[in-house]
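For reference, the structure discussed in these notes is given below.
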Amino acid sequence: MTASKPLTILKETILAGESKTINMEIAKLHTMNKLKIPIIVERSKTDGPTVLFCAGLHGDEINGTEIVRQLIVQKINKPKIGTIICIPIINIFGFVNKTREFPDGRDLNRVFPGSKTGSLASRFAYHILKEIIPHVDYTIDFHAGGASRFNAPQIRIVPENQELKQLSDIFNAPFTLYSKNISGSFRSACDKLGVKMLLFEGGKSLDLNDAITQEAIEGTKRFLAHLDMLNPRKKVIFSERKPIYIEKSSWLRAKFSGMFHGVAVIGAFVKKGDLLATISDPYGKVEHKVKAPHEGYLINVNDAPFVYQGDAIYHISTHLEKES
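So for the sequence shown, full-length UniProt numbering puts the first residue at 1; every next one is plus one.
Have a look at this one:
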């Protein structure tokens, strides 16, 4: 969509050169109090693409919300050309309750495209796709790891899509994972509607991490500079670092229950047999060593103080894309 055309979201029109915050109200709390989801729109007077920055599909992944908040605070969301839409929190119910899911127990990121008359989560999915996504050309959706699992900063894209690969190269997170679209996900729904999405993962739920936030902000500025949308007052840092592309990866699971003492550092390259962690009892009698089953990069590390047998504790790359 070009900036010169009026943009109408939820029956509110934003003209070229205007800034407006639109409140999306779909359902109330069980106390009958209203919950408003702010949609922050910044439009240039000059034609250009429309980009959506969003977070909080999972209400407890607050680092994504902090990233989008920083984009607003630093005025990175004021475009040189085109339009930038920011939604810092989509699942406002989960954010209030510090939970991943909606009050109906559903994962919003598994119910797209949703239904106008379905469950609460399904209705939110429906209105996001109906009211916002038809105006959007590009999206970056910011996430964090769940259940105390800390994600290294990474972009996830579908395999064999050269345009997304180019955008991922430009964003230049330390890692890029090839992962297929999951049925019912926001990413899958956007793909079907022709919207180009980068999914950013970094940090863990119910946690704020400055290093993760900064990685995402710098990557976003490079992304906007590529589209010629970056506010000219903002400096962009281009790095010679190349993303490490991971084609396949696997989870290492705990063989024992106990107190978890991590040794390996997130993002590190480990060799087969390297010590990753120990799992001990609380009484000083038992200590089990956790060793790397093969070489690879640690792209997710469990930060929990204790684990149960079968818990996912490390996500390790198994196959890297060869440099062309």
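The C-beta atom is built at its ideal place from N, Cα and C for all residues, glycine as well.
Contact check for Phe186 against Leu108 passes: the beta carbons are separated by less than 9 Å. Out of Ala125, Val290, Asp311, His315, the CA that lies nearest to the CA of Trp251 is found in His315. In the three-state reduction of the DSSP assignment, Asp104 falls in the coil class. Using a Cβ distance threshold of 9 Å, Phe260 and Pro305 count as a contacting pair. If you look at Val51, you'll find it in the beta strand (DSSP E) that goes 50-55. Take Leu35, set aside five residues on each side of it, and the residues of its chain with a beta-carbon closer than 8 Å to its own are Glu25, Ala27, Lys28, Leu29, Ile92, Phe93, Val96, in chain order. Taking the C-beta atoms as reference points, Gly82 is found no nearer than 9 Å to Val41.
In this structure, Glu18 sits near Arg43, with a CB-CB distance shorter than 9 Å. When only Cα atoms are considered, Ser317 and Thr176 end up about 11 Å apart. Counting only the Cα atoms, Asn302 lies some 33 Å from Val195. Your pair Ile22 and Leu7 does not check out as a contact, with CB atoms roughly 10 Å apart and the cut at 8 Å.
A straight-line Cα-Cα distance of about 16 Å links His294 and Glu247. For Ile132, there is no enclosing alpha helix (DSSP H), as DSSP marks it with neither H nor E. The Cβ atoms of Ile299 and Ser249 lie closer than 9 Å to each other.
Asn63 sits in a helix when the DSSP states are folded into three classes. For Ser168, the closest C-alpha among the options Tyr245, Asn151, Pro113 is that of Tyr245. Counting C-beta pairs closer than 8 Å gives three or more between the segment 199-207 and the segment 59-77, which meets the contact rule. In this structure, the straight-line span from the alpha carbon of Leu71 to that of Gly48 is close to 19 Å. Inside the segment 166-228, DSSP marks whole beta strand (DSSP E) runs of 3 or more residues at positions 175-178, 196-204, from first to last along the chain. About 27 Å separates the CB atoms of Pro153 and Ala125; that is not less than 8 Å, and the two are not in contact. Taking the Cα of Asn151 as reference, the smallest distance to any Cα among Leu320, Ala312, Phe223 is reached at Ala312.
Straight through space, the alpha carbons of Asp207 and Glu287 are spaced by roughly 29 Å. Note on geometry: alpha-carbon atoms of Gly146 and Thr99 lie some 10 Å from one another. Counting along the chain, the unbroken beta strand (DSSP E) around Gly262 starts and ends at 258-262. Apart from sequence neighbours up to five positions away, the residues of its chain that approach Arg156 with a beta-carbon distance below 6 Å are Leu177, Ser179, Leu199, ordered along the chain.
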